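Per my numbering, numbering through the sequence shown is continuous, rising by one, with the last residue being 219.
Glycine included, every Cβ here is placed at the ideal spot set by N, Cα and C.
Fair warning: this is a prediction, and the values are worked out from it, not measured in the lab.
Below: one structure, written as structure tokens.
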Amino acid sequence: MDSLNRHEDYGQELFDETHVLANPIEQFKVWLRDAEAAEIYEPNAFVLGAVNSEGQPTSRTVLLKGISEDGFFFATNYLSRKGSAIEAEARVSATFGWYSMFRQVLIEGRAVKVDSIESDDYFNSRPRDSQIAAWASRQSQPIASRAALEEQFAAAAAKFEGVAVTRPEFWGGYRILPTRIEFWKGRSNRMHDRIVFTRTEIAEGRFGEWSIERLQP
Ligand SMILES: Cc1cc2nc3c(=O)[nH]c(=O)nc-3n(C[C@H](O)[C@H](O)[C@H](O)COP(=O)(O)O)c2cc1C
């Protein structure tokens, strides 16, 4: 396990207040495009943190499927472990780690369910087998065996044979409305650049202006 004893040099690529866009969501798009150009595997994958009803922080990877001026869209099963956690506590975090680029983005905010039209639109854009899988899996619930899971898939496939697969009520999108977005750029000697944007939610869904600060590494 050599990695435990390695000391990587994270380089000198410039990233500072003068190189960052004033709107962090626009800046995020720049870094996501950079990650795509660098051919990072699943550049839109992020670790979603959510606190459950017992106060236990939980995390798992999901895929970012949309970016708008309001925030970051992902889709999942609303009755899953993460769905229950978000139901109990809407405040979540999202961590994008593009390690080979010495970059990470840390997002904090509130997750809201998107409306059914947006969830339908996204569901309808998915491959048919993924749509069937949404029906076939009671995500995060125990199941006796792989065979039992395959049976559930086959049953869902049979149910929709010859017709379009509609979206299950229990499956859809969330949007993370961010109040904090940090851009972290690794630099030599652990003297990393951290540029953080924060804003407050003045009223439900209404946000103040972004302010920007540099943090010590
Ligand atoms: C690269 C990657 C992408 C994933 N994307 C999603 C996703 O977009 N939506 C989802 O529900 N689960 C996704 N998963 C599976 C989740 O990590 C997780 O296992 C699942 O959502 C159940 O989590 P929960 O029990 O905490 O709700 C992905 C996993 C990986 C490794």
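Here V116 has G175 and R177 as same chain residues with Cβ atoms under 6 Å from its own Cβ, once five neighbours each way along the sequence are excluded. As a beta-bridge residue in DSSP terms, T200 pairs with R182 and S213. DSSP places R35 within a helical segment (H, G or I) once states are collapsed to three. Setting aside the 5 residues that flank it on each side, A138 is surrounded in the same chain by Q154, F155 and A158, each with a C-beta closer than 6 Å to its C-beta; the list follows chain order. If you draw a straight line from the Cα of A39 to the Cα of A146, it comes to about 42 Å.
At least 8 Å separates the beta-carbon of I88 from that of A47. Here V32 is exposed. Its C-beta has fewer than 16 other C-beta atoms within 10 Å. Rounded to the nearest whole angstrom, the C-alpha separation of T97 and L50 is 7 Å. Y80 counts as buried, since at least 16 other C-beta atoms from the protein chains shown sit within 10 angstroms of its C-beta. W173 has N79 as its beta-bridge partners, per DSSP. Ranking G57, A52, G68 and D11 by CA distance to the CA of E28 puts G68 first. In terms of Cα proximity to I183, the closest of F162, F172 and R196 is R196. The region 126-145 and the region 163-171 touch, with no fewer than 3 CB-CB distances between them shorter than 8 Å. Shortest Cα-Cα distance from S213 to any of E206, G207 and T200 involves T200. Looking at the DSSP output, A90 bridges to nothing. When the beta-carbon positions are compared, S82 and S142 come within less than 8 Å of each other. Note that the C-beta distance between S190 and Y43 is not below 8 Å.
In the displayed model, L65 falls within a strand according to three-state DSSP. Assigned with DSSP and collapsed to three states, G99 falls in strand. With a threshold of 7 Å, the Cβ atom of F75 does not count as near ligand 1, since no heavy atom of the ligand is closer than that. If you draw a straight line from the Cα of E91 to the Cα of Y101, it is about 29 Å long.
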